[in-house]
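Participant: Per numbering that gives the first Met the number 0, residue 0 is the first one in the sequence shown, and the count goes up by one each step. For glycine and all other residues, C-beta sits at the position ideal for the given N, C-alpha and C. Sharing a structure here in structure tokens format.
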Amino acid sequence: MCSAESAYDRRRLRQWLAGEAHAPGVPRRDMLRLLAAAGLAGAAPLPLGAPAVAAGTGSAPGTANAADRANAANAPGIVKPLPDAWFTVRGTNAETRFASLAGTGYHTPNDRFFVRNHTATPVLAAADWSLTVWGDGLSHDRPVTFTLDDLKRFPTVTRSAFVECAGNGRSLFAAQQGQSVSGTAWTLGAIGAARWRGVRLADVLRRAGLGRRAVDVMPRGLDADYVTADGTNLGRVRRPLPLSKALDDVLLVHEMNGEPLPHDHGHPVRVLVPSWIGVASVKWVGDIQVSARPLYSPWNTGFYRLFGDSHPARGSAPLTRQTIKSAWELDWDAVLRAGTTHRLTGRSWSGTGGVVRVEVSTDGGGTWRPAQLHDAPRRDGWVRWSTHWRPPAPGPYTLLARATDTGGRTQPDTTVHNTQGYLFDAVVRHPVRAR
Ligand code: MTE
0 MCSAESAYDR
10 RRLRQWLAGE
20 AHAPGVPRRD
30 MLRLLAAAGL
40 AGAAPLPLGA
50 PAVAAGTGSA
60 PGTANAADRA
70 NAANAPGIVK
80 PLPDAWFTVR
90 GTNAETRFAS
100 LAGTGYHTPN
110 DRFFVRNHTA
120 TPVLAAADWS
130 LTVWGDGLSH
140 DRPVTFTLDD
150 LKRFPTVTRS
160 AFVECAGNGR
170 SLFAAQQGQS
180 VSGTAWTLGA
190 IGAARWRGVR
200 LADVLRRAGL
210 GRRAVDVMPR
220 GLDADYVTAD
230 GTNLGRVRRP
240 LPLSKALDDV
250 LLVHEMNGEP
260 LPHDHGHPVR
270 VLVPSWIGVA
280 SVKWVGDIQV
290 SARPLYSPWN
300 TGFYRLFGDS
310 HPARGSAPLT
320 RQTIKSAWEL
330 DWDAVLRAGT
340 THRLTGRSWS
350 GTGGVVRVEV
360 STDGGGTWRP
370 AQLHDAPRRD
380 GWVRWSTHWR
390 PPAPGPYTLL
400 ARATDTGGRT
410 QPDTTVHNTQ
420 GYLFDAVVRH
430 PVRAR
């Protein structure tokens, strides 16, 4: 990020913390409750309407807890089939089984791509869809509407990028660090990488009449209002983006891996915010507010910030970039034949730069060796890697993989705790058994 941008972001954050932002559509009472629940008043973390991950429950990552199991037969609101071999259903969401990515190529096939829905997939017709751009950050006071055909007349951009939930790896806070966090108990499969096709948000905003006073834009989805477990209606999913990011590399995409965007992934058009946490990539986008003041929504106040003892008393700044992770393309507790050489594969990725090095350990972290990388480091992408291993004797083993990115960042041994279990980046201890 250039220094002008970071100065802008600091100014915007100061305004935001000083309460100079506004929260359209969020009743002030709810906003205050949200801020309080999120930690500003030192209260407990906000219930997310999803099963909490408790430390010491004894449930291993990859093992559905009771709430997950109850919904496993039918992921309510997801349109595509969710075969057990590819997905673990978690409430309204479906996590990709990492083992099912072995041999699938660089991009995650659309039918195996994880789904994170706050409510349910709305089935929208492309012919009826339009996008309205509005707000006091435009140079005039008129909303401007674009159909899909209008969008397709802008210069086309195609790019690869992953979308990853901020809570990916959350279950490992409990399983590996013995810490309680709230939220969906993802293992490592709340990520997918696709080839996206669309147009630059910057082009659309400029055509709509972006004004000089604009500081934030807020895309909003057309899915149903999100109501938390305690009955608070938070309205439709929406998260402000600073204009610096919106004008940089954000796209409005209508194709995923060469197909029209599937219903579960935002058909007909979603926002793609490369390298940022997945919630920024608003699906089924219906309108974008352009604002002359920083904006609040529940998704940049109560959710998607870091709260807890190791963070500022009033919480961190809203989360932006994803963190760094590695995963083996193996089931948890996979069984391998002892005395045979196996080719083991995995993937590593980072939101702060391409992955340049992956080291692996097959003896629980005692010794490390480099894995062979099969992709060049790519910003906003992952690298596939492999290693050979011959389990010497039957018994339990722990596999580890540790990535380093172009920014010099290496996965740590532990992740600093936060109450909602975001941005897990520690080296994962993956159990397998040889027999
Ligand atoms: N956009 C809308 N409108 N509604 C949602 O529930 N979920 C967000 C984001 N965009 C969401 C949304 C979250 S939290 C994530 S991680 C990504 O979409 C997931 O994208 P995917 O379901 O295509 O994998």
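So, using beta-carbon positions, are A193 and H106 closer together than 7 Å?
Facilitator: Their beta carbons are under 7 Å apart, which means A193 touches H106 by this criterion.
Participant: Closer than 8 Å is the cut-off here; do at least three beta carbon pairs connect the segment 179-198 with the segment 119-127?
Facilitator: Pairwise C-beta distances place the segment 179-198 out of contact with the segment 119-127, as fewer than three of them are shorter than 8 Å.
Participant: Inspect the CB distances between the segment 388-401 and the segment 133-141 and report whether three or more fall short of 8 Å.
Facilitator: no
Participant: Looking at the structure shown, is N70 part of a helix, part of a strand, or coil, going by DSSP?
Facilitator: Low per-residue confidence applies at N70: pLDDT is 39, beneath 50, and the placement is therefore not dependable enough to give any value.
Participant: Per DSSP, which one or two residues make a beta bridge with S181?
Facilitator: Note: S181 is not bridge-paired with any residue in the DSSP secondary-structure output.
Participant: Can you give me the start and stop residues for the beta strand (DSSP E) that K324 sits inside?
Facilitator: Note, K324: beta strand (DSSP E), 323-327.
Participant: Looking at the structure shown, is G420 part of a helix, part of a strand, or coil, going by DSSP?
Facilitator: Residue state, collapsed to three classes: coil.
Participant: Which same chain residues end up closer than 8 Å to P376 when comparing Cβ atoms and leaving out the 5 residues on each side of it in sequence?
Facilitator: G352, G353, V354, V355, V382, D404, T405
Participant: Could you say which of N109, A425, P241 lies nearest to A326 if we only look at CA atoms?
Facilitator: A425
Participant: What are the residues that DSSP puts in a beta bridge with N92?
Facilitator: Here N92 is bridged, per DSSP, to R89.
Participant: Give me, in chain order, the residues of the same chain whose beta-carbon lies closer than 6 Å to that of A245; leave out the 5 immediate sequence neighbours on both sides.
Facilitator: L200, V216.
Participant: With which residues is P395 paired in a DSSP beta bridge?
Facilitator: R432
Participant: Count the CB pairs spanning the segment 235-251 and the segment 163-170 that are closer than 8 Å, and state whether there are at least three.
Facilitator: Judged by Cβ distances under 8 Å, the segment 235-251 makes no contact with the segment 163-170, as fewer than three pairs qualify.
Participant: Which residue's Cα is closest to the Cα of G380: G345, G420, P273, V359?
Facilitator: With distances taken between Cα atoms, G380 lies closest to P273.
Participant: Among residues of its own chain, excluding the 5 on either side of Q410, which ones have a beta-carbon nearer than 6 Å to its beta-carbon?
Facilitator: I323, R401, A402, D424, V426
Participant: Let me confirm a value: A36 is counted as buried when at least 16 other C-beta atoms fall within 10 Å, else exposed. Which label applies?
Facilitator: Interpretation of A36 is limited by its pLDDT of 42, a score under 50 that renders its predicted location unreliable; no figure is taken from the coordinates.
Participant: Measure the alpha-carbon distance for G407 versus L372 and round it to whole angstroms.
Facilitator: 17 Å
Participant: Can you look up A65 in the DSSP assignment and give me helix, strand or coil?
Facilitator: Low confidence applies to A65: its pLDDT is 37, below 50, so where it sits in the model is not reliable, and the reading given next is rough at best. Helix at A65.
Participant: Assuming V359 and W298 form a contact by the criterion Cβ under 8 Å, report the distance between their Cβ atoms to the nearest whole angstrom.
Facilitator: Contact flag wrong, Cβ pair sits at about 36 Å.
Participant: Output the boundary residues of the alpha helix (DSSP H) element that contains S296.
Facilitator: Premise fails: S296 is in no alpha helix (DSSP H) and is neither H nor E.
Participant: N116: beta carbon under 6 Å from a heavy atom of ligand 1?
Facilitator: yes
Participant: Measuring alpha carbon to alpha carbon, tell me which residue in R205, K79, H262, Y303 is nearest R169.
Facilitator: Y303
Participant: State the start and end residues of the unbroken beta strand (DSSP E) segment that holds D286.
Facilitator: 284-290
Participant: Name, in chain order, the residues that DSSP records as bridge partners for T131.
Facilitator: Looking at the DSSP output, T131 sits in a beta bridge with T144, D286.
Participant: Among P80, A173, A98, R434, which residue has its Cα nearest to the Cα of T339?
Facilitator: R434
Participant: Return the chain-ordered list of same chain residues with a C-beta closer than 7 Å to the C-beta of R212, the five sequence neighbours on each side being excluded.
Facilitator: G136, A291
Participant: Going by the beta-carbon positions, is the gap between V281 and G220 smaller than 7 Å?
Facilitator: yes
Participant: Quick check on the DSSP output: the beta strand (DSSP E) that includes L343 runs from which residue to which?
Facilitator: 341-349
Participant: Using a Cβ-Cβ cutoff of less than 7 Å, which residues in the same chain neighbour K79 once the five nearest sequence positions on both sides are dropped?
Facilitator: Answer for K79: D110, P261, D263, listed in chain order.
Participant: Taking 7 Å as the threshold (C-beta atoms), are G345 and L399 in contact?
Facilitator: no
Participant: Considering only C-alpha positions, which residue in the set N167, V431, G177, L130 is nearest to K151?
Facilitator: L130
Participant: What I want to know is whether the C-beta of S99 ends up closer than 6 Å to one or more non-hydrogen atoms of ligand 1.
Facilitator: Outside the cutoff, so no.
Participant: Taking the C-alpha atoms as reference points, what is the distance between T227 and S179?
Facilitator: 20 Å
Participant: Can you look up D362 in the DSSP assignment and give me helix, strand or coil?
Facilitator: coil
Participant: Let me know if V334 comes out buried or exposed under the rule of 16 or more other beta-carbons within 10 Å of its beta-carbon.
Facilitator: exposed
Participant: Of the choices V114, V249, L233, D248, whose alpha-carbon is the least far from that of T183?
Facilitator: Relative to the Cα of T183, the nearest Cα in the group V114, V249, L233, D248 belongs to V114.
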